[in-house]
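Numbering (my numbering), first residue to last: 491 to 632.
Don't be surprised by glycine CBs; every beta carbon is placed ideally from N, CA and C.
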Amino acid sequence: MFMYVFSIIIIVLSNILYNISSKSIPQKANPFSSLLITYLTGTIITIIGFKFYKTDKGFFQSFQDLNWTSVALGFGIVGIELGYLMAYRSGWDISIGSLVANIILALILIPIGILFFKEGFGINKIFGIILCIIGLIFINKK
491 MFMYVFSIII
501 IVLSNILYNI
511 SSKSIPQKAN
521 PFSSLLITYL
531 TGTIITIIGF
541 KFYKTDKGFF
551 QSFQDLNWTS
561 VALGFGIVGI
571 ELGYLMAYRS
581 GWDISIGSLV
591 ANIILALILI
601 PIGILFFKEG
611 FGINKIFGII
621 LCIIGLIFIN
631 KK
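Okay, structure coming up:
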């Protein structure tokens with residue numbers, strides 16, 4: 491139960507830091523220079539974290555269990571980061587841009603979860619979808 495709650499706390503706190511940082515990157519800064527520093531920082535943190543994650547496999551052996559998904563995740567992460575940076579530079583408010591992106595993401599992931607991961611779908615999800623769509627309309631109405 492601890493990890494169930496703690497993992498969401500990490501996601502929320504990290505997303506707060508992520509969005510504030512993305513919104514605060516100087517407008518003149520090359521987005522790819524920013525991403526390079528971001529990933530160098532992430533690499534250092536990951537190397538440090540690797541030392542604390544106890545496993546029976548060594549550093550190089552641990553890569554044997556990986557597949558194409560780690561590379562795909564890399565593309566996804568760069569796309570997310572570049573997308574947020576460009577969204578904020580184009581004028582999205584920090585309070586709205588992330589919300590709109592995440593609602594649309596949730597609406598797209600529902601059928602993916604049902605079709606590819608055999609997740610359940612009930613009446614409560616239908617109501618949730620309707621509320622999300624209504625929310626998108628209201629939040630973007632000027």
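By the 10 Å Cβ neighbour count, where 16 or more other Cβ atoms means buried, how is residue i classified, buried or exposed?
i, result
"TYR574", "buried"
"GLY512", "The sequence as given places Ser at residue 512; Gly does not occur at that position. With 16 or more Cβ atoms within 10 Å of its Cβ, SER512 is classed as buried."
"ALA577", "buried"
"GLY581", "exposed"
"GLY566", "exposed"
"SER497", "exposed"
Please determine, among the options, the residue with the shortest C-alpha to C-alpha distance to residue i.
i, options, result
"SER585", "ILE629, GLY548, GLU609", "ILE629"
"ILE613", "PHE606, ILE598, LEU621", "LEU621"
"ILE624", "LEU605, PHE611, VAL590", "VAL590"
Using only the alpha-carbon positions, how far apart do residue i and residue j sit?
i, j, result
"VAL495", "SER504", "14 Å"
"PHE553", "THR528", "23 Å"
"TYR508", "SER560", "21 Å"
"ILE515", "SER524", "8 Å"
"ASP583", "ASN557", "37 Å"
"ALA562", "LYS632", "37 Å"
Residue i and residue j look like a contact to me (Cβ under 8 Å); what is the Cβ gap, rounded to whole Å?
i, j, result
"PRO521", "LEU572", "6 Å"
"GLY603", "GLU609", "4 Å"
"LYS615", "ILE600", "7 Å"
Taking only beta-carbon positions, decide if residue i is within less than 7 Å of chain D.
i, result
"TRP558", "Included in the structure is just one protein chain, with no chain D present."
Beta strand (DSSP E) runs contained entirely in the region 541-608, provided each spans 3 or more residues
none
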